[in-house]
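Participant:
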Amino acid sequence: MFKSTKLVVPLMTALAVLIGTASAAYYFLGVCPLNTAGIAQLNDNITRMKNLLTSSQADNAQLTSTLSPPHKRHCHITPRQSPN
1 MFKSTKLVVP LMTALAVLIG TASAAYYFLG VCPLNTAGIA QLNDNITRMK
51 NLLTSSQADN AQLTSTLSPP HKRHCHITPR QSPN
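Using the UniProt record's numbering, read the sequence shown as starting at 1 and increasing by one per residue.
Have a look at this one:
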């Protein structure tokens, strides 16, 4: 129907891959994309990992105990209060 179909399909595929990659990065780095303070939390996690890796011979147990796994974190979204 459209001559641009050969271009639209790869572009939409690339967009889907980009969105999926960003979502996976947010999940595995422990940042909730709906949390506005998520970037600050990510920066804190990176700084703590750098300090552990450069200051001593940190092993895997120390790294995992310092940074809680992303699946145990929760995204808290507070609903807006009605003006009643």
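Virtual Cβ for every residue (Gly too), placed ideally from N, Cα, C.
1. Give the secondary structure of residue 105 by DSSP, where H, G and I count as helix, E and B as strand, and everything else as coil.
2. What would DSSP say about residue 87, mapped onto helix, strand or coil?
3. Taking only three categories from DSSP, how would you classify Leu53?
Facilitator: Taking the definition as stated:
1. Past the edges of the chain, shown from 1 to 84, lies residue 105, and the structure says nothing about it.
2. No information on residue 87 is available, as it lies outside the stretch 1 to 84 that the chain covers here.
3. helix
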